[in-house]
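To keep things clear, I will list the structure first and then write my remarks on it.
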């Protein structure tokens with residue numbers, strides 16, 4: 001038999017109906033989302049956001065499906081810093097707020113100057129630099145960058161039935177180095193981006209190149225640039241695309257500083273599989289690895 005003290009210490013009976021309980025839970029979830037969504041949006045706008053790699057232009061350093069943490073405060077902020085496409089609500093302007101200066105060799109995320117596509121490539125040319133490709137060799141201000149052959153790698157590119165053999169190099173500019181791939185080719189084959197005009201980079205713009213040199217439509221392609229001058233130099237930005245070149249098929253050209261979104265710092269998660277890619281030897285793992 002229960003005493004009065006036992007009864008006073010028992011849990012109060014919940015007499016709410018099922019409808020009242022459901023409404024209570026919905027209110028709790030609504031309050032949580034009202035707090036979480038703005039906080040997550042501010043975090044993604046000001047500090048870091050995650051991007052998923054959609055193509056193989058940065059192999060071997062990034063693979064399709066890699067999740068990358070993008071440092072938003074590294075270069076400051078422009079309207080393209082807004083996540084989830086909200087930049088479309090902001091009028092086009094010039095410059096950046098709290099703008100930091102990118103370094104050569106940074107892997108950066110940016111908005112394609114001719115379309116609404118978000119891209120990720122490596123910054124090779126800064127304002128005032130002269131960049132050119134000659135027989136697969138990258139030249140910076142008239143001098144070939146340091147390049148050391150590492151090994152040959154055979155693998156099957158994403159969504160491609162056949163295999164490719166790539167020569168893997170370690171390239172170095174200053175205190176930064178990275179791996180690049182050049183697909184194997186016979187002596188009679190000429191790839192269009194292995195030899196380019198001279199790119200004289202205008203003020204307020206950058207030249208981006210993919211690490212996977214034969215599988216990257218980047219700043220080396222003239223389709224997104226102003227016409228080549230009589231001296232073989234491209235030194236202007238902002239021209240209309242050439243007749244017959246659509247915005248969807250144009251290269252990135254010179255990328256304005258305003259189009260920078262952030263610096264890719266870390267690979268958070270990778271779904272890459274050596275077995276699926278038939279890679280020999282296996283390419284470097286990228287789980288929680290800095291770029």
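Numbering (full-length UniProt numbering), first residue to last: 1 to 291.
For each residue, glycine too, the CB sits at the ideal point set by N, CA and C.
The criterion of a C-beta distance shorter than 8 angstroms is satisfied by residue 257 and residue 205. DSSP, reduced to helix, strand and coil, places residue 20 within a helical segment of the structure shown. DSSP links residue 246 through a beta bridge to no other residue. Of 125, 76, 162, 168, the smallest CA-CA separation from residue 235 is found for 125. Considering only 270, 56, 289, the residue with the shortest C-alpha distance to residue 160 is 56. In the three-state scheme derived from DSSP, where H, G and I count as helix and E and B as strand, residue 224 is classed as helix. Within the stretch 156-242, the complete beta strand (DSSP E) segments at least 3 residues long are 164-173, 176-183, 198-200, 205-209, listed from N- to C-terminus.
Per DSSP, residue 74 lies in no beta strand (DSSP E) and is assigned neither H nor E. Boundaries of the beta strand (DSSP E) harbouring residue 263: 260-269, taken from the DSSP string.
In the same chain as residue 203, and ignoring 5 residues on each side of it, the C-beta atoms closer than 8 angstroms to its own belong to 127, 128, in chain order.
Within the DSSP bridge table, the entry for residue 146 names 172 as partners. The residue among 210, 246, 253 with its C-alpha nearest the C-alpha of residue 238 is 253. Looking at the backbone, the Cα of residue 182 and that of residue 59 are separated by about 10 angstroms. Counting along the chain, the unbroken beta strand (DSSP E) around residue 108 starts and ends at 107-111.
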